[in-house]
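Here is the structure we will look at, set down as structure tokens.
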Amino acid sequence: MNERAQKTRLLDKVLNAARRFSSGSRRVNTLRFVTLISIAITVIYIFTPVIVETDYRIGDVVVDDVIAQADMIIDGVDIERGDMIAEKGAKVDKELLARIEAVTTASKRKNSVTTAVGFFAMSIIFLYTVYRFSAANIRKFMSAPKDLLCMALLLVGVLGILKFAAFISLGMGASFPGIPSALYLYIAPVAGGAMMIRLLMNSETAMIFGITSSIFSGLLLGGSIEMSVYFFIGSVVAAMKVRHCTQRSTILKAGAFLGIVNVLVIISGTALKGGGFSPGTVLAMVSGMLGGLIAAIMVTGITPVFEILFGYTTDIKLLELSRMDHPLLKELAIKAPGTYHHSLVIGSLVEAAAEAINVNPLLARVSAYYHDIGKMKKPLYFVENMKGENRHDKLAPSMSALILISHVKDGLEMANKYKLGEEIINVIQQHHGTSLTRYFYHKAKETEDPEVHEINEEDFRYPGPKPQTREAGLVMLADAIEAASKTIPDPNPAKIQGMVQKIINRIFTDGQLDECELTLKDLNAIAISFNRVLNGIFHQRIEYPEPAYVTREEAGEDTGTEQPKEKDGDKKGKGGHENGIRRLGARWK
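Position in the sequence shown counted from 1, then plus 996, gives you the numbering used here.
As structure tokens, this is what we get:
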């Protein structure tokens, strides 16, 4: 039991350390960070065997002399630099092909200090340049400390897997001498790195990661441009196919599609080199197909680990959080039913608006579900949960404002306790921005006595920050508009449109949307979307007419006639029950 407790404490320490680093509260020394990554990659580079695919096949004729470029031993025979390995015009058999491959591979062996230093220096320059350019010019490139650490771990991991695949390829090549070892490398799941970055972050970051991992993969394999292109195309395809992934099966489908694309790239590369359809080509195609499937399986298994370590919220996790049987949502429905219904309506509003402005509708909807969970601490102080008595009547305006403002802090505590994820936690914190609790501020101003105490507007404002993302801005707008819609007498499309425009203009002029990248075009699309949803909620109902005698009885009038009694065997459809059932849309038989 003690050993198990120690393991649990050790795991907690690791998770807390990762979360502290991922909080983004401190800047990263970029050059030092890049240097550490370069050291790790250089170590992998040095110990990764070079596998070179020659242009010769058994039965071909040597078109030029093959000369040893370094001292080596092949099949127990010492070969010195400059020795002739194959003369021009010689026919290639299995033994000669093995010697040509061995000499070609040895000429690119990475065992010199100069080679290692050169690779290390180039790694630093490349990584630092790519980072600086991306952070400065690509708006959505994620460069927070936790993002950099996540990408570094994935890059080193992907290259480590490629190193392992290279050793496996050499072993397979030794077991089957007639098939070049390089053909087995197509199975390496390098594209899985970009696929995972797309799940955890975004497309722009996945593209940069794909470029980086593909170039380093080609360098590890002896500077193979062909393999770099192969891995880059696979990375782009893999990242593209998991956009807004809401099911684990989507990842497997993306892996299958990646395998098909890998096969097409291999066929294109073979045709580009003038090669024909051979057993080696078939093997390469099978390897490429398996590479796509292995990448998908790897991503499916590893993604939850990175979600826990770094606090990422993938679409799959969002789908799990959107279920109504989540403990927080069940508790919200019981303790604050008005807030629960309010949150569901906001979810419908922001989901429709998110689709209109091309942001993640699932993230917007789930964030709306949880944005007011802090109201569970004091539900009866919020108007949607009040039952007759208004508790604010007995409180000072400043205390009432403090209670309202505190629901954001309470919500953050609950969100952290239930590990809802950084994106949702940010929306909870930002959905009121630094807005003013207007009702209690004006109430306080009415009773203000400047000689005794001057009312400070900042005391009646939420602490912020203002919305930093478009999803948070959507929730802020929908929150205010849904609440205001309940106050419209006899709502109709014209009144709803006027109210929506008024609320959006007020929030915009207050500066609450200055930091969330919502454009005027977006605001117009959001207003149209909100109008459509609210008109559906407040649509008019047809007033169904009552039978004459029922109307008179409800008015307390004597109809002067006695209603006929039902006889045994008569159908009840001839009385008032029939009319009531017909009004519900049922047909009496």
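Where is the CB? At the ideal position from N, CA and C, for every residue including glycine.
Q1464 and E1511 closer than 8 Å at C-beta: Numbered from 1 along the sequence shown, position 468 holds the residue referred to as residue 1464. Numbered from 1 along the sequence shown, position 515 holds the residue referred to as residue 1511. Taking C-beta atoms as the reference points, Q1464 and E1511 count as a pair closer than 8 Å.
Coarse secondary structure for K1249, derived from DSSP in three states: Taking the sequence shown and counting its residues from 1, one reaches residue 1249 at position 253. Secondary structure of K1249 (DSSP, three-state): helix.
Where R1135 falls: helix, strand or coil (DSSP): Against the sequence shown, residue 1135 aligns to sequence position 139. In the three-state DSSP reduction, R1135 falls in the coil class, being neither helix nor strand.
Element boundaries [alpha helix (DSSP H), containing I1298]: The count along the sequence shown starts at 1 and reaches residue 1298 at position 302. In the DSSP annotation of this structure, the continuous segment of the alpha helix (DSSP H) that includes I1298 starts and ends at 1275-1306.
Distance, A1490 Cα to L1144 Cα: Residue mapping note: residue 1144 aligns to position 148 of the sequence shown, counting from 1. Residue mapping note: residue 1490 aligns to position 494 of the sequence shown, counting from 1. Rounded to whole angstroms, the separation of the alpha carbons of A1490 and L1144 is 50 Å.
Residue from L1248, F1273, H1322, S1209 whose Cα sits closest to the Cα of G1297: The count along the sequence shown starts at 1 and reaches residue 1297 at position 301. The candidate whose alpha carbon is nearest that of G1297 is L1248.
Which of helix, strand or coil DSSP assigns to K1498: Within the sequence shown, residue 1498 is the residue found at index 502, counting from 1. Of the three classes helix, strand and coil, the one that applies to K1498 here is helix, per DSSP.
Chain-order list of residues whose beta-carbon lies under 8 Å from that of I1477 (same chain, five-residue window excluded): Within the sequence shown, the letter at position 481 stands for residue 1477. By the criterion of a C-beta distance shorter than 8 Å, I1477 is surrounded in its chain by L1345, M1495, V1496, I1499, I1500, F1526, L1530, once the five residues flanking it on both sides are discounted.
Straight-line Cα distance separating L1400 from I1503: Working through the sequence shown from its first residue, we reach residue 1503 at position 507. Working through the sequence shown from its first residue, we reach residue 1400 at position 404. The C-alpha of I1503 lies about 18 Å from the C-alpha of L1400.
Beta carbon of A1468 nearer than 8 Å to that of V1404: For the purposes of this step, residue 1468 is taken as residue 472 along the sequence shown, with counting starting at 1. For the purposes of this step, residue 1404 is taken as residue 408 along the sequence shown, with counting starting at 1. 8 Å or more divides the Cβ of A1468 from the Cβ of V1404.
Same chain, Cβ closer than 8 Å to L1151, neighbours up to 5 away in sequence not counted: If you number the sequence shown from 1, residue 1151 lands on position 155. Apart from sequence neighbours up to five positions away, the residues of its chain that approach L1151 with a beta-carbon distance below 8 Å are I1033, I1037, G1189, F1205, T1208, S1209, F1212, ordered along the chain.
Simplified DSSP state of L1315, which is helix, strand or coil: In the sequence shown, residue 1315 corresponds to position 319, counting from 1. In the structure shown, L1315 adopts helical secondary structure according to DSSP, grouped into three states.
Residues that DSSP places opposite R1194 in a beta bridge: Here the question's residue 1194 lines up with position 198 in the sequence shown. Note: R1194 sits in no beta bridge, so no partner.
Cβ-based neighbour list, I1353, same chain, cut-off 6 Å, excluding 5 preceding and 5 following: Within the sequence shown, residue 1353 is the residue found at index 357, counting from 1. In chain order, D1518, A1521 place their CB closer than 6 Å to the CB of I1353, counting only its own chain and leaving out the 5 sequence neighbours on each side.
Sequence ranges, alpha helix (DSSP H) only - wholly within the segment 1163-1237, length at least 4: Listed in chain order, the complete alpha helix (DSSP H) runs (minimum 4 residues) inside the segment 1163-1237 are 1187-1196, 1199-1216, 1221-1237.
Touch test, the segment 1334-1350 against the segment 1298-1309, Cβ-Cβ under 8 Å, three pairs minimum: Touching, no, given that fewer than three Cβ pairs across the two stretches are closer than 8 Å.
8 Å contact criterion, which K1142 and F1043 should meet: CB distance rounded: In the sequence shown, residue 1142 corresponds to position 146, counting from 1. In the sequence shown, residue 1043 corresponds to position 47, counting from 1. In fact, because the Cβ distance is near 29 Å, the residues do not count as touching under 8 Å.
Strand pairing of R1457, partner residues [DSSP]: What you label residue 1457 is simply residue 461 of the sequence shown in a count that begins at 1. Paired residue(s): L1432.
Nearest candidate by alpha-carbon position, reference G1288, set I1256, K1373, A1131, L1268: Here residue 1288 corresponds to residue number 292 of the sequence shown, with the count starting at 1. With distances taken between Cα atoms, G1288 lies closest to I1256.
Nearest to A1198 (by Cα), restricted to the options V1355, P1393, F1378: As a position in the sequence shown, residue 1198 is number 202, starting the count at 1. According to the sequence displayed, residue 1198 carries Asn and not Ala. Nearest of V1355, P1393, F1378 to N1198, Cα basis: V1355.
Contact check, V1259 vs F1227, beta carbons under 8 Å: In the sequence shown, counting from the first residue as 1, residue 1259 sits at position 263. In the sequence shown, counting from the first residue as 1, residue 1227 sits at position 231. No, these two residues do not count as a Cβ contact at 8 Å.
Span separating the alpha-carbon of E1454 from that of G1429: Numbered from its first residue, the sequence shown carries residue 1454 at position 458. Numbered from its first residue, the sequence shown carries residue 1429 at position 433. Roughly 13 Å separates the two Cα atoms.
Contact under 8 Å by Cβ, S1119 with A1131: Your numbering for residue 1119 matches position 123 in the sequence shown. Your numbering for residue 1131 matches position 135 in the sequence shown. Note that the C-beta distance between S1119 and A1131 is not below 8 Å.
A1360 versus S1318: straight-line alpha-carbon distance, rounded: Residue numbering aside, residue 1360 sits at position 364 when the sequence shown is read from its first letter. Residue numbering aside, residue 1318 sits at position 322 when the sequence shown is read from its first letter. Distance from the CA atom of A1360 to the CA atom of S1318, rounded to whole angstroms, is 11 Å.
Residue environment, P1333, which counts as buried when at least 16 other CB atoms sit within 10 Å: One-based indexing of the sequence shown puts residue 1333 at position 337. Classification of P1333: exposed, given that the 10 Å Cβ count is below 16.
Outcome for R1022 when other beta-carbon atoms lying within 10 angstroms are tallied against a minimum of 16: Taking the sequence shown and counting its residues from 1, one reaches residue 1022 at position 26. Below a pLDDT of 50, predicted positions are generally treated as unreliable, and R1022, at 47, falls in that range; the measurement from the model is reported next regardless. The Cβ neighbour count for R1022, taken over all protein chains shown within 10 Å, is under 16; the residue is labelled exposed.
Cβ neighbours of M1285 in the same chain (closer than 7 Å, five flanking residues each side left out): By 1-based counting over the sequence shown, the position of residue 1285 is 289. So the list reads G1255, N1258, V1259, once near-sequence residues are dropped.
Proximity winner among G1251, R1135, K1331, N1133, relative to M1191 (alpha-carbon distances): Working through the sequence shown from its first residue, we reach residue 1191 at position 195. Of all alpha-carbon atoms in G1251, R1135, K1331, N1133, the one lying nearest the alpha-carbon of M1191 is that of G1251.
Proximity winner among A1086, G1114, A1364, relative to I1035 (alpha-carbon distances): Stepping through the sequence shown from its first residue, residue 1035 is reached at position 39. Checked all of A1086, G1114, A1364; the closest Cα to I1035 is G1114.
Buried versus exposed, by CB contacts within 10 Å (16 or more), M1294: Numbered from 1 along the sequence shown, position 298 holds the residue referred to as residue 1294. Buried is the call here.
Residue interval of the alpha helix (DSSP H) (run including K1517): Here residue 1517 is taken as the residue at index 521 of the sequence shown, counted from 1. Membership of K1517 in the alpha helix (DSSP H) is indicated by the continuous run 1516-1533.
Other residues of its chain near R1128: CB distance less than 6 Å, five sequence neighbours each side excluded: As a working note, residue 1128 is residue 132 in the sequence shown. For R1128, where only same-chain residues beyond five positions count, there are no Cβ hits under 6 Å.
Short Cβ contact (8 Å threshold) for L1328 with I1262: Along the sequence shown, read from residue 1 onward, the residue named residue 1328 stands at position 332. Along the sequence shown, read from residue 1 onward, the residue named residue 1262 stands at position 266. With contacts defined as CB atoms closer than 8 Å, L1328 and I1262 fail to qualify as a contacting pair.
Candidates E1351, N1386, Y1365, of which the one nearest H1322 by Cα: Taking the first residue of the sequence shown as 1, we reach residue 1322 at position 326. Nearest C-alpha to H1322: Y1365.
Cutoff 7 Å; reference F1017; Cβ partners in own chain excluding five residues on either side: Residue numbering aside, residue 1017 sits at position 21 when the sequence shown is read from its first letter. Its pLDDT being 49, under 50, F1017 is placed unreliably in this model, and the coordinates cannot settle the point.
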